[in-house]
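Trainee:
Number of protein chains: 2
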Amino acid sequence: MASAEPKTTSPASTKLRADARRNRDRLVEVAAAAFAEKGVETSLEDIARQAGVGIGTLYRHFPSREHLVEVVYRRELEGLASAATELARLHSPDMALEEWMRRFVGYIATKRGMANSLRILMTSNSSLFSEGSGLIRGALESLLKTAGDGGYIRRDIETTDLLHALSSIYSIPESPEWRERSHRLIGLLMDGLRTRR
Amino acid sequence: MASAEPKTTSPASTKLRADARRNRDRLVEVAAAAFAEKGVETSLEDIARQAGVGIGTLYRHFPSREHLVEVVYRRELEGLASAATELARLHSPDMALEEWMRRFVGYIATKRGMANSLRILMTSNSSLFSEGSGLIRGALESLLKTAGDGGYIRRDIETTDLLHALSSIYSIPESPEWRERSHRLIGLLMDGLRTRR
DNA sequence: CAGATAACCGGAGGAGCCTCCGTTTAAACT
DNA sequence: AGTTTAAACGGAGGCTCCTCCGGTTATCTG
Chain A
23 MASAEPKTTS PASTKLRADA RRNRDRLVEV AAAAFAEKGV ETSLEDIARQ AGVGIGTLYR
83 HFPSREHLVE VVYRRELEGL ASAATELARL HSPDMALEEW MRRFVGYIAT KRGMANSLRI
143 LMTSNSSLFS EGSGLIRGAL ESLLKTAGDG GYIRRDIETT DLLHALSSIY SIPESPEWRE
203 RSHRLIGLLM DGLRTRR
Chain B
23 MASAEPKTTS PASTKLRADA RRNRDRLVEV AAAAFAEKGV ETSLEDIARQ AGVGIGTLYR
83 HFPSREHLVE VVYRRELEGL ASAATELARL HSPDMALEEW MRRFVGYIAT KRGMANSLRI
143 LMTSNSSLFS EGSGLIRGAL ESLLKTAGDG GYIRRDIETT DLLHALSSIY SIPESPEWRE
203 RSHRLIGLLM DGLRTRR
């Protein structure tokens, strides 16, 4: 018998030597943290160093800074989407929805700094954007449906409506209280959504 | 009598030591040529070298690449606008209009490469954009009016219409024949505009 | 005209970018 | 297990970026 097939984490990561895959994953992990903390302008050499690989390795895996940004971005988006199912398993439907919205806000917060990079990316690769928003919309939709079906929240709210409401958070100007403000806004939304029993 | 007052090229260039002004002008000149030829990514050190100054001087005058790009951009825009009056003096109204449109196209061509830089610039300094388009619109308007009043072209065309027509040139994909194509397009426009006598 | 001084000049230097290529190694084959 | 080889590694090197500050010079004042 041949040895067992490897259980791939991501279907796209085909044929990659074990060490290569390890390093690649490592890099993405470190890059995500670095981008979140210091913005997209962080030194790539630092990232390579922290990941314990040479700069050459980084550049082989990600030919340009934008490539790396894109992968990180996508990964986080997928994480956010899959968090929806996870939260639905662990909490009551309304709490799951609220917590998910909080995370969504946190996610957006880290993305503010990379706005320019993302814009450049999007103009050259618009599928990235459409796929991304599709994922998010799907996640929100299922949370909304579950909570509505269970009678936790009113049912006359469409995914699009809520998405618009959330997008207003973008327009809160950057400031120390940003996070606080946006959380209050979400609380407000939830109060409006919840059915009184 | 005292010596004649210097004829300033730009009213904004107040109080600047003679050598400083010289160097600044020099830099803008060289930068304009370099950007046009090799795109905005050109090495700033090269520009400084060609202008015969140290890199420090360049950075003192223009704290960042974007600043330099902005100044060059503005200068060319102003040049384009003032070319309208010049052309009107030298040619018949219809020829002036045609030639001006040709130059407009040439101008746009060089701006393609700096699209990203400009976009970044515009989001942080939107007055740049509105001022710029105002200038261009004014120039085109006066050419159009003169030619219309003189009976060289039809008078039922608004500046905005022509501006839209010209903007379609943006959408011609980059290629070796780009210039040729856009000139043909302008010829077509002019044929449509001209009154038959 | 000489001296003072504020403004300007320029380039060395530390850091990051990206490429290139000799070395190492996982994995396929015998 | 030993050999082979394609793939992956990593860091030196050439280049650019931007800052910082000691030296230079235009301009002002007596």
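In the order they appear, the protein sequences are chains A and B.
When we follow the working numbering, the leftmost residue of the first sequence carries the number 23, and every step to the right adds one.
When we follow the working numbering, the leftmost residue of the second sequence carries the number 23, and every step to the right adds one.
Glycine included, each C-beta is placed from N, C-alpha and C at the ideal position.
Bear in mind the structure is a predicted one, so any value in this text is a computation, not a measurement.
Tell me which residue opens and which closes the alpha helix (DSSP H) that aspartate 178 (chain B) is part of.
Mentor: Position 156 of the second sequence, counted from the first residue, corresponds to residue 178 (chain B). Looking at the DSSP string, aspartate 178 (chain B) is not in any alpha helix (DSSP H), and its letter there is neither H nor E.
Trainee: For a test of the three-state rule: what should DSSP assign to arginine 216 (chain B), helix, strand or coil?
Mentor: The count along the second sequence starts at 1 and reaches residue 216 (chain B) at position 194. Here arginine 216 (chain B) sits in strand by DSSP.
Trainee: Which residue wins for smallest C-alpha separation from leucine 184 (chain A), given the options A:Arg44, A:Gly74, A:Arg201, A:Leu210?
Mentor: Along the first sequence, read from residue 1 onward, the residue named residue 184 (chain A) stands at position 162. Closest by alpha carbon: A:Leu210.
Trainee: By DSSP, does lysine 167 (chain B) sit in helix, in strand, or in coil?
Mentor: Along the second sequence, one-based indexing puts residue 167 (chain B) at 145. Lysine 167 (chain B) falls in the helix class under three-state DSSP.
Trainee: In whole angstroms, what separates the C-alpha of alanine 42 (chain A) from that of threonine 181 (chain A)?
Mentor: As a working mapping, residue 42 (chain A) is identified with position 20 in the first sequence. As a working mapping, residue 181 (chain A) is identified with position 159 in the first sequence. Cα-Cα distance, rounded: 41 Å.
Trainee: How would you label proline 115 (chain A), buried or exposed, when you count the other beta carbons within 10 angstroms and need 16 or more for buried?
Mentor: As a position in the first sequence, residue 115 (chain A) is number 93, starting the count at 1. Buried, because 16 or more other Cβ atoms sit within 10 Å of the Cβ of proline 115 (chain A).
Trainee: From histidine 205 (chain B) to isoleucine 179 (chain B), what distance separates their C-alpha atoms?
Mentor: The residue you call residue 205 (chain B) lines up with position 183 of the second sequence. The residue you call residue 179 (chain B) lines up with position 157 of the second sequence. Distance between the alpha carbons of histidine 205 (chain B) and isoleucine 179 (chain B): 20 Å.
Trainee: Which value, in whole angstroms, describes the spacing of the CA atoms of leucine 157 (chain B) and lysine 133 (chain A)?
Mentor: Sequence index remark: in the second sequence, residue 157 (chain B) carries index 135 (1-based). Sequence index remark: in the first sequence, residue 133 (chain A) carries index 111 (1-based). In a straight line, the C-alpha of leucine 157 (chain B) is about 36 Å away from that of lysine 133 (chain A).
Trainee: Does DSSP classify threonine 30 (chain A) as helix, strand or coil?
Mentor: Mapped onto the first sequence, residue 30 (chain A) falls at position 8. Legend: pLDDT at threonine 30 (chain A) = 33, less than 50; position of this residue unreliable, value from coordinates given subsequently. Of the three classes helix, strand and coil, the one that applies to threonine 30 (chain A) here is coil, per DSSP.
Trainee: Just checking my contact of alanine 53 (chain B) with leucine 90 (chain B) at CB under 8 Å: how many whole Å lie between their CB atoms?
Mentor: As a first step, residue 53 (chain B) must be located in the second sequence, where it is residue number 31. As a first step, residue 90 (chain B) must be located in the second sequence, where it is residue number 68. That pair is a contact at about 6 Å.
Trainee: Using a 10 Å radius around the Cβ and a threshold of 16 neighbouring Cβ atoms, would you call tyrosine 192 (chain A) buried or exposed?
Mentor: Here residue 192 (chain A) refers to the residue found at position 170 when the first sequence is read from its first residue. With fewer than 16 other Cβ atoms within 10 Å, it is exposed.
Trainee: Using three-state DSSP, classify valine 75 (chain A) as helix, strand or coil.
Mentor: Position 53 of the first sequence, counted from the start, is the residue given in the question as residue 75 (chain A). Residue state, collapsed to three classes: coil.
Trainee: Could I get the ranges of all uninterrupted alpha helix (DSSP H) runs contained in the region 74-112 of chain A, with 4 residues as the minimum, in chain order?
Mentor: Fully enclosed alpha helix (DSSP H) runs of 4 or longer: 77-83, 87-112.
Trainee: Terminal residues of the continuous alpha helix (DSSP H) containing glutamate 51 (chain A)?
Mentor: Here the question's residue 51 (chain A) lines up with position 29 in the first sequence. Run containing glutamate 51 (chain A): 40-60, per the alpha helix (DSSP H) assignment.
Trainee: Leaving out five residues before and five after leucine 119 (chain B) in sequence, what residues of the same chain have Cβ atoms less than 6 Å from its Cβ?
Mentor: The residue you call residue 119 (chain B) lines up with position 97 of the second sequence. Hits under 6 Å: Leu165, Ala169.
Trainee: What's the C-alpha gap between leucine 162 (chain B) and arginine 125 (chain B)?
Mentor: The residue given as residue 162 (chain B) occupies position 140 in the second sequence. The residue given as residue 125 (chain B) occupies position 103 in the second sequence. Straight-line Cα distance between these residues: approximately 12 Å.
Trainee: Which of the three DSSP states, helix, strand or coil, is assigned to proline 115 (chain A)?
Mentor: Stepping through the first sequence from its first residue, residue 115 (chain A) is reached at position 93. The answer is helix: DSSP assigns proline 115 (chain A) an H, G or I state.
Trainee: Mind checking histidine 186 (chain B): buried by the 16 CB within 10 Å criterion, or exposed?
Mentor: Counted from its first residue, the second sequence places residue 186 (chain B) at position 164. It counts as exposed.
Trainee: Measuring alpha carbon to alpha carbon, tell me which of B:Met123, B:Ala58, B:His113 ends up nearest leucine 188 (chain B).
Mentor: Sequence index remark: in the second sequence, residue 188 (chain B) carries index 166 (1-based). Ranking the options by Cα distance to leucine 188 (chain B), first place goes to B:Met123.
Trainee: Determine the direct distance from the alpha carbon of arginine 46 (chain B) to that of arginine 82 (chain B), and round the result to whole angstroms.
Mentor: Taking the second sequence and counting its residues from 1, the one referred to as residue 82 (chain B) is at position 60. Taking the second sequence and counting its residues from 1, the one referred to as residue 46 (chain B) is at position 24. One C-alpha to the other measures close to 10 Å.
Trainee: Let me know the secondary structure DSSP gives tyrosine 129 (chain B) once reduced to three states.
Mentor: Numbered from its first residue, the second sequence carries residue 129 (chain B) at position 107. In this structure, tyrosine 129 (chain B) counts as helix in the three-state DSSP scheme.
Trainee: Please state the DSSP three-state secondary structure of glutamate 120 (chain B).
Mentor: On the second sequence, residue 120 (chain B) is found 98 positions in, with the first residue counted as 1. Helix at glutamate 120 (chain B).
Trainee: Between the Cα of valine 94 (chain A) and those of A:Leu215, A:Glu202, A:Tyr129, spot the shortest distance and give me the residue it belongs to.
Mentor: For this step, residue 94 (chain A) is matched to residue 72 along the first sequence. Valine 94 (chain A) has its Cα closest to that of A:Tyr129, out of A:Leu215, A:Glu202, A:Tyr129.
Trainee: Buried or exposed for glycine 154 (chain A), going by 16 or more other Cβ atoms inside 10 Å?
Mentor: Position 132 of the first sequence holds residue 154 (chain A). The residue in question, glycine 154 (chain A), is buried, as its Cβ has 16 or more Cβ neighbours within 10 Å.
Trainee: Have a look at A:Pro195, A:Arg218, A:Thr107 and flag the residue whose alpha-carbon is nearest the alpha-carbon of arginine 177 (chain A).
Mentor: Here the question's residue 177 (chain A) lines up with position 155 in the first sequence. Comparing Cα-Cα distances from arginine 177 (chain A) to each of A:Pro195, A:Arg218, A:Thr107, the minimum goes to A:Arg218.
Trainee: Whole angstroms is fine: what's the gap from proline 198 (chain B)'s alpha carbon to leucine 80 (chain A)'s?
Mentor: Residue mapping note: residue 198 (chain B) aligns to position 176 of the second sequence, counting from 1. Residue mapping note: residue 80 (chain A) aligns to position 58 of the first sequence, counting from 1. Answer to the nearest angstrom: the Cα atoms are 36 Å apart.
Trainee: Out of A:Glu63, A:Gly76, A:Gly61, which one is the CA nearest neighbour of leucine 49 (chain A)?
Mentor: By 1-based counting over the first sequence, the position of residue 49 (chain A) is 27. Leucine 49 (chain A) has its Cα closest to that of A:Gly76, out of A:Glu63, A:Gly76, A:Gly61.
Trainee: Does the Cβ of leucine 112 (chain A) have 16 or more other Cβ atoms within 10 Å, making it buried, or fewer, making it exposed?
Mentor: Walking along the first sequence from the start, residue 112 (chain A) turns up at place 90. When all chains shown are included, leucine 112 (chain A) counts as exposed.
Trainee: Can you find the residues in the same chain that come closer than 8 Å, C-beta to C-beta, to arginine 97 (chain B), ignoring five residues on each side of it along the sequence?
Mentor: Residue mapping note: residue 97 (chain B) aligns to position 75 of the second sequence, counting from 1. Only Val50, Ala54 meet the Cβ criterion.
Trainee: Please determine, among A:Leu38, A:Ile208, A:Gly172, the residue with the shortest C-alpha to C-alpha distance to alanine 110 (chain A).
Mentor: Taking the first sequence and counting its residues from 1, one reaches residue 110 (chain A) at position 88. The candidate whose alpha carbon is nearest that of alanine 110 (chain A) is A:Gly172.
Trainee: Exposed or buried, what is leucine 38 (chain B) when buried is set at 16 or more other beta-carbons lying within 10 Å of its beta-carbon?
Mentor: Position 16 of the second sequence, counted from the start, is the residue given in the question as residue 38 (chain B). Exposed is the call here.
Trainee: Taking the alpha carbon of methionine 212 (chain A) as the point to measure from, which residue in A:Ala58, A:Gly160, A:Met117, A:Gln72 has its own alpha carbon closest?
Mentor: Residue numbering aside, residue 212 (chain A) sits at position 190 when the first sequence is read from its first letter. Nearest of A:Ala58, A:Gly160, A:Met117, A:Gln72 to methionine 212 (chain A), Cα basis: A:Met117.
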